[in-house]
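In my numbering, the protein residues as written are 33 to 112.
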């Protein structure tokens, strides 16, 4: 599949222990997950960023398949 690089940036301002009973934090976690990559032919390039924020747990999941079906020239990207 395609090339992918990952790096983290930023600093969290809250800790795991600070999650409230209602599923939210008193202060947001601002650590960021940054990714970018390209398909094997370098015609399809992508980037994404994710931050947990106020939620007690990260709820989003990302799917990045730039070479999903190379025979038909299809890529697949999603946020769930």
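Don't be surprised by glycine CBs; every beta carbon is placed ideally from N, CA and C. All values reported here derive from a predicted model rather than from experimental measurement.
Beyond the five residues adjoining it in sequence on each side, residue 93 comes within less than 8 Å, by CB distance, of 111 and 112 in the same chain, given in chain order. Only residues of its own chain outside the window of five on either side were considered, and among them 70, 98 and 107 have a CB closer than 7 Å to the CB of residue 76, listed in chain order. In this structure, DSSP gives residue 77 an extended state, which the three-state scheme calls strand. Residue 88 has its alpha-carbon roughly 5 Å from the corresponding atom of residue 56.
As far as DSSP is concerned, residue 105 takes part in no beta bridge. In the three-state reduction of the DSSP assignment, residue 83 falls in the strand class. About 13 Å separates the beta carbon of residue 62 from that of residue 90, a gap too long to meet the 8 Å contact definition.
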